[in-house]
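Just so you know, the sequence shown maps onto residues 2 to 330 in this note's numbering.
Glycine residues also receive a C-beta, built at the ideal position from the N, C-alpha and C atoms.
Bear in mind the structure is a predicted one, so any value in this text is a computation, not a measurement.
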Amino acid sequence: MYGNAYVENPAATNSLTANENPIKLAEFEARIAAGDKIEPNDWMPAEYKKQLIRMIEQHAHSEIIGALPEGTWITRAPGFRRKLALMAKVQDEVGHGQLLYSAAETLGKSREDMTNDLINGKSKYSNVFNYPAKTWADSAVIAWLIDAGAIVNQLANSKGSYGPYCRALDRICAEESFHLKYGHDNVVFLATGTPKQREMVQDALNRWWEPIMHFFGPPDKMSVHTEVLMRWKVKMGTNDDMRQTFLDMYVPKIWDLGLTLPDENLKKNDETGKWEYTEPNWEVFKQVINGNGPCNKERLAVRRTAEEKGRWVRNAILRKDAKYVTPLA
Ligand code: FAQ
């Protein structure tokens with residue numbers, strides 16, 4: 002899928018801009034180099050717009066679908082305080098989806114089209130949300146480490162070039178940092194609890210490690226879009242950069258809790274300053290992001306049902322069906 006499309010040199014990237022007005026393109030790139038934000042009505046290359054729609058839309062879908070694995074634990078959260086915190090977190094994730102859909106809409110794709118592309122399986126969403134949250138410890142690992150991964154990526158990209166996306170990311174990161182603290186607190190509680198609780202959190206960590214390694218995207222040499230996205234400061238680091246930053250920040254914290262990671266080759270090379278690890282299985286990743294993960298069908302079915310059951314509400318709000326319009330409207 003992505004291996005043979007890897008864009009390795011500027012000449013290849015330039016083919017994506019071959020039809021653009023060279024003067025406008027040069028002005029646009031000068032603005033990007035100067036650190037300007039590009040706003041919706043500004044001139045932009047067609048490829049920039051296309052890439053942004055793809056990436057922001059996938060991100061929005063990930064937040065909405067991402068609410069589902071943890072959402073299954075709301076009714077079973079251990080204790081009222083944790084239930085409240087989890088409900089607030091899940092609600093935040095859905096809110097992030099709304100912010101991101103609004104950012105993508107500024108580029109001309111309607112929310113209806115984005116939703117249809119998601120439920121018809123045309124648009125992707127993050128690999129990690131295709132796995133089940135089997136125990137309460139899974140929800141703790143998601144809230145700590147998936148949110149941590151998301152922050153690494155989004156904090157960097159919030160310094161990027163497209164104004165509406167960056168502003169959405171600023172707000173999202175502020176909330177994600179609460180999620181991370183909530184998740185860390187839950188993991189610490191389990192890791193320092195009874196042998197059974199410790200076993201539960203270790204087991205969850207073992208199951209989530211490979212999906213987390215996949216989360217940052219394929220290795221740079223296999224990435225399709227990184228080069229053009231970095232050229233235009235949509236992505237502010239490569240997939241491998243982000244993965245390294247995450248490993249550097251979180252592996253020591255995981256080990257400090259006395260937990261282990263299911264990769265005996267995982268270690269920091271003091272000479273290069275880089276983490277070395279066993280390459281995760283990218284064939285599994287490819288299957289998962291193309292609709293064949295353990296929960297893909299279930300996730301899309303839930304989203305489809307929500308879409309169908311909520312249609313009358315949207316119609317009423319948008320006044321598409323006079324029957325639902327109240328006298329005050
Ligand atoms: N999952 O050429 P690249 C969150 C696809 S938010 C699925 O390297 P790119 C909050 C990629 O789309 C999580 N697909 O792609 C939360 C492309 O396929 P395409 C989401 C993936 O765009 C926490 C192909 O592989 N975050 O977690 C993934 O340069 C807890 C080739 O890849 C964002 O979306 C993947 N992991 O780099 C919510 C951040 N990786 O489209 C609830 C914004 C790659 O050609 C609970 N996105 N693919 O068919 C990005 O930073 C980038 O899009 C990457 C991928 C880094 C994800």
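Please go through the same chain and pick out, in chain order, the residues whose beta-carbon is closer than 6 Å to the beta-carbon of residue i, but skip the five residues on each side of it.
i, result
"residue 216", "129, 150"
"residue 243", "153, 154, 217"
"residue 10", "Confidence at residue 10 is low in this model, with a pLDDT of 49, below 50, so its placement is unreliable and no value can be given for it."
Counting only the same chain and skipping the five closest in sequence on each side, list residues whose C-beta sits under 8 Å from that of residue i.
i, result
"residue 321", "315"
"residue 245", "275, 276"
"residue 235", "49, 52, 53, 56, 158, 161, 162, 163, 166"
With the cut-off set at 8 Å, would you say residue i and residue j are in Cβ contact?
i, j, result
"residue 147", "residue 213", "yes"
"residue 279", "residue 293", "no"
"residue 89", "residue 138", "no"
"residue 295", "residue 132", "yes"
"residue 52", "residue 226", "yes"
"residue 101", "residue 61", "yes"
"residue 136", "residue 201", "yes"
"residue 221", "residue 207", "no"
"residue 261", "residue 198", "no"
"residue 120", "residue 299", "no"
Using three-state DSSP, classify residue i as helix, strand or coil.
i, result
"residue 51", "helix"
"residue 74", "coil"
"residue 269", "strand"
"residue 277", "strand"
"residue 132", "coil"
"residue 126", "coil"
Measuring alpha carbon to alpha carbon, tell me which residue in the options is nearest residue i.
i, options, result
"residue 210", "145, 230, 50, 72", "145"
"residue 74", "38, 142, 46, 96", "142"
"residue 268", "97, 237, 178, 249", "249"
"residue 16", "47, 41, 39", "47"
"residue 189", "136, 312, 259", "259"
Is residue i near the ligand FAD, going by C-beta to nearest heavy atom under 7 Å?
i, result
"residue 203", "With respect to the ligand FAD, the structure shown offers nothing to examine, as its ligands consist of the ligand FAQ."
Short of 7 Å in beta carbon distance, which residues of its chain neighbour residue i, apart from the five on each side in sequence? Order them along the chain.
i, result
"residue 166", "53, 57, 104"
"residue 183", "86, 90, 144"
"residue 31", "none"
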